[in-house]
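Asks: Before we start, here is the structure in question, set down as structure tokens.
2 protein chains.
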Amino acid sequence: MNFNIGLIGKGNVGTAFLQLLNEINPIIISRFKIDIKVLGIFENDGAILDENGINLDRLLKLGKEFRTLVNWKSGYRALDYIDKLNLNIMIETTPTIPDNGEPARSHIIKALNNKMDVITSNKAPLYLDYKNIKKIAQDRMQLIRYEATVASCVPILSIKRNLQGSKIIGITAILNGTSNYILSKMFNHGCRFEQALKEAQDLGYAESNPNLDISGYDAAGKLVILADELLDYGLTIKDVNIKGIENINKYDIELAKLNNQVIKQLSFAKNGHLFVKPHPVNKSSYFNVNDSLNIIELETKNAGKIVLSGRGAGGAEAASAIMNDLIFIIQERMRYSSNKLVM
Amino acid sequence: MNFNIGLIGKGNVGTAFLQLLNEINPIIISRFKIDIKVLGIFENDGAILDENGINLDRLLKLGKEFRTLVNWKSGYRALDYIDKLNLNIMIETTPTIPDNGEPARSHIIKALNNKMDVITSNKAPLYLDYKNIKKIAQDRMQLIRYEATVASCVPILSIKRNLQGSKIIGITAILNGTSNYILSKMFNHGCRFEQALKEAQDLGYAESNPNLDISGYDAAGKLVILADELLDYGLTIKDVNIKGIENINKYDIELAKLNNQVIKQLSFAKNGHLFVKPHPVNKSSYFNVNDSLNIIELETKNAGKIVLSGRGAGGAEAASAIMNDLIFIIQERMRYSSNKLVM
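This is how it looks when you write it as structure tokens:
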């Protein structure tokens, strides 16, 4: 069986995915007796195209000089070409554009409408348009997976299938590493918000424009995807009550310390409502995670609270999540064509 | 499609499972358009049998008086009758017998050999005979699931399928709630081992014979299943280097406190080796869980550490895990017969 893949976005995440694929492709091929080829890699100013499969070794050695390849086609846009490449699976790793989720949203819909399964690490199309995108996938009988959109490598979305015996009724989470880093710094080193933010930027945690992180908007987007996936809320980011961490001052920190607490940017989904806000938690609580870790607590009806934690960002981490989505899709498609049990 | 279930063991876990099944069966039936019937429930002194399906409402109202039912068959043993009942799925919840895993091991093998899929919450057959049992299941094309054997409702075994993009290379875990309760008590309240143990027994955490817990044997059994499932070690409990907590004294506790640490019963799987032993961890570490929580840290090759935590014991918790195993098997069997995609 052949799987032809197209990748849109060769940034940090896209490149880490290509490295991981190049590393474990021989294992996948021998284990599943299949052939995986990357036929197209799209950037915003052109594409690398090879109908026999792009040589990933050679490509990766070029680093950022990949536009020097002979099969680099300047100006070729994903939206115009993905339906011409005979792709089975399209992987979308372009940067998140919060306002409208474009062009990722159009890439995803075009792929689903052209008989491709889709994997994306791009949050915005889902927190803006979850119901519609899922409906298109269902109508077209295509698979769509997006584990990397929330808490990166932590399998918090796909775990739904492992918890069908324990109805999930609420979520409390820390979903933004930059905010968590800033609040940890303010707490542990007594520095002011602006200082902590600058340090986070110097270390590369925060973007040069960190507004999405500190305003709570990034966490809110992830919370929407979690709630739509695990609790069937059917909401969008417009439904989230959001409060950022930018007004936390030294008096808030002092008060928390007096109560043996720390302040965290928490995300809540409960009784149909979504909130992101700075909130005190006990110092001994497992929510007192440091640096850029994410943590998600699932409250269940019958089995208490189940907690997952891990790195919430990073190229290799997102690539791991994308790779699991890819293997899942390959297994589903192979089973569908051969009707085998997964033992 | 019909699913006929047999249950062996109507203790704490078996009864909680019947309650959960009775509660959500209408939802499963309407969602999957199937018919689930419990045809037999076996205890060590007889069985309730009804080829039209046991009325669970009536049975559960009777509580421990279930032997007064007209379809109670005194002296009927599971090993003699499970192959006569036309069962699709056999659920094994008898108590763990550490020496030989019997009679659970024989129940499981007999069921697999007679065209039944199997779910078990019984650790011993797996930590003694994992490879053989898995091979029988594979040879017979039967499914076997045992999520409840490790960390109860925490989906730490089935998560393997959600982490195929992040090779797991090591495990560190707290897998025995009783030991953790005792060590927490010694640490937080300064009491001696014997006092803390007695309190755990009074509260119903520890068995009247708590040797399996404090010796590390219970944790070692769970560690074997984890390592065989997630790391393909192919070992048994005889391969675990085990040290109990019974010799921890106030000086050990004092030393840990001086170093800002606590002592935990930790289980390790790394480089092909398995260890269970008391071990210091930093007070601020996420391994510093209280009471009877379990926590499992999976070290991955590409994505750092991924952590799961939740209640490691309890009837309702184990029932949740068994129910998820049941829904998984039903989905697999329905898909296998209709060849549908899981969207």
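One line per chain: the protein sequences are A and B, in this order.
To convert, note that position 324 of the first sequence is 324 in my numbering; the numbers rise steadily by one, no gaps.
Take the position in the second sequence, starting the count at 1, then add 343; the result is the number in my numbering.
Cβ coordinates follow ideal geometry from the N, Cα and C atoms, glycine included.
A quick note: this is a predicted structure, and the numbers were derived from the prediction, not measured.
Applying a beta-carbon distance threshold of less than 7 Å, which residues of chain A neighbour B:L506?
Replies: Under the 7 Å cutoff, chain A gives P155, N324.
Asks: For A:L20, which residues in chain B fall below 8 Å Cβ to Cβ?
Replies: What A:L20 touches in chain B: G508, N645.
Asks: Measure from the alpha carbon of B:K503 to the alpha carbon of each residue in B:D423, B:A549, B:L641, B:M459, then state which is nearest.
Replies: Comparing Cα positions, the closest option is B:L641.
Asks: Taking DSSP as the reference, what is the three-state secondary structure of A:E246?
Replies: Correct three-state label for A:E246: coil.
Asks: Helix, strand or coil, according to DSSP, for A:A173 in the structure here?
Replies: It is a strand residue.
Asks: Taking only three categories from DSSP, how would you classify B:Q481?
Replies: Helix.
Asks: Under the three-state reduction of DSSP, which class applies to B:F618: helix, strand or coil?
Replies: Correct three-state label for B:F618: strand.
Asks: Which residue from B:I377, B:T358, B:S495 puts its Cα closest to that of B:S681?
Replies: Cα-wise, what sits closest to B:S681 is B:I377.
Asks: Could you please give the first and the last residue of the uninterrupted alpha helix (DSSP H) stretch that includes A:F3?
Replies: Taken as a continuous stretch (DSSP letters only), A:F3 belongs to no alpha helix (DSSP H), being part of the beta strand (DSSP E) at 2 to 8.
Asks: Once DSSP output is grouped into helix, strand and coil, what is the label at A:E43?
Replies: Three-state result, A:E43: strand.
Asks: Taking a cut of 7 Å between CB atoms, which residues from the region 577 to 600 of chain B lie near chain A?
Replies: Answer set for the region 577 to 600 of chain B: empty.
Asks: Can you tell me which of B:M677, B:E537, B:F375 puts its alpha carbon nearest to the alpha carbon of B:K593?
Replies: Ranking B:M677, B:E537, B:F375 by Cα distance to B:K593 puts B:E537 first.
Asks: At 8 Å on the CB atoms, spell out the chain A contacts of B:G653, in chain order.
Replies: Result: A303, G304, K305, I306, V307.
Asks: How big is the Cα-Cα spacing for A:S166 and A:Y217?
Replies: Each residue's Cα considered, the two are about 30 Å apart.
Asks: Could I get the ranges of all uninterrupted alpha helix (DSSP H) runs contained in the region 439 to 473 of chain B, with 4 residues as the minimum, in chain order?
Replies: As far as the region 439 to 473 of chain B is concerned, its whole alpha helix (DSSP H) runs of at least 4 residues are 447 to 456.
Asks: Between A:I327 and chain B, is there a C-beta pair that is closer than 7 Å?
Replies: For A:I327, the answer is yes, since a Cβ of chain B falls inside 7 Å of its Cβ.
Asks: Contact criterion: CB-CB distance below 7 Å. Does B:A516 meet it with respect to chain A?
Replies: It does not: the Cβ of B:A516 has no partner Cβ on chain A nearer than 7 Å.
Asks: Would you mind reading off the limits of the alpha helix (DSSP H) that contains A:R333?
Replies: 315 to 338 is the span of the alpha helix (DSSP H), which, as asked, contains A:R333.
Asks: What residues in the region 199 to 213 of chain A bring their beta carbon closer than 7 Å to a beta carbon of chain B?
Replies: From the region 199 to 213 of chain A, no residue has a Cβ closer than 7 Å to chain B.
Asks: Tell me whether A:D35 sits in a helix, a strand or coil according to DSSP, three-state version.
Replies: If DSSP states are grouped into helix, strand and coil, A:D35 belongs with the strands.
Asks: What whole-angstrom Cβ distance do A:I54 and A:Y127 have, given they're in contact under 8 Å?
Replies: The pair is not a contact, with the Cβ atoms about 31 Å apart (cut-off 8 Å).
Asks: Measuring CA to CA, which of A:V70, A:K84, A:L258 is closest to A:P280?
Replies: Selected option, being the one with the closest Cα: A:L258.
Asks: Going by other Cβ atoms of all chains shown within 10 Å of its Cβ, with 16 needed for buried, is B:T654 buried or exposed?
Replies: The residue asked about is misnamed: residue 654 of chain B is Arg in this sequence, not Thr. Result: buried.
Asks: May I ask which residues mark the beginning and end of the beta strand (DSSP E) holding B:V650?
Replies: Looking at the DSSP string, the run of the beta strand (DSSP E) that includes B:V650 is 648 to 654.
Asks: Under 7 Å between the Cβ atoms of A:I171 and A:N180?
Replies: No, they are not a contact pair.
Asks: Just how far apart, CA to CA, sit A:S106 and A:D139?
Replies: Going by the C-alpha atoms only, they are around 17 Å apart.
Asks: On the criterion of 16 or more Cβ atoms from any shown chain inside 10 Å, does A:V70 qualify as buried, or is it exposed?
Replies: Exposed, by the Cβ-count rule.
Asks: I'd like the ranges of any alpha helix (DSSP H) spanning at least 4 consecutive residues and lying wholly in the region 524 to 571 of chain B.
Replies: Qualifying alpha helix (DSSP H) stretches, in chain order: 536 to 545, 554 to 557.
Asks: What does DSSP give as the partner residue(s) for B:P623 in the beta ladder?
Replies: DSSP output for B:P623 lists B:I606 as bridge partner(s).
Asks: Starting from B:K416, trace the beta strand (DSSP E) in both directions and tell me its first and last residue.
Replies: Element bounds for B:K416: 415 to 417.
Asks: Leaving out the 5 sequence neighbours to the left and right, which residues in its chain are closer than 8 Å to B:N667 when beta-carbon positions are compared?
Replies: The answer, listed in chain order, is E490, P498, S501.
Asks: Start and end of the alpha helix (DSSP H) containing A:L60?
Replies: Here the alpha helix (DSSP H) through A:L60 covers 56 to 61.
Asks: So for A:R145, helix, strand or coil by DSSP?
Replies: Residue state, collapsed to three classes: strand.
Asks: Given a cut-off of 7 Å, decide if B:K416 and B:G389 are closer than it, judged by their beta-carbon atoms.
Replies: Cβ distance < 7 Å, so B:G389 and B:K416 count as in contact.
Asks: Along chain B, which residues have their Cβ under 8 Å away from the Cβ of A:N339?
Replies: Going along chain B in sequence order, the residues near A:N339 (Cβ under 8 Å) are Y679, N682.
Asks: Whole angstroms are fine: how far does the CA of A:Y336 sit from the CA of B:L455?
Replies: Cα-Cα distance, rounded: 25 Å.
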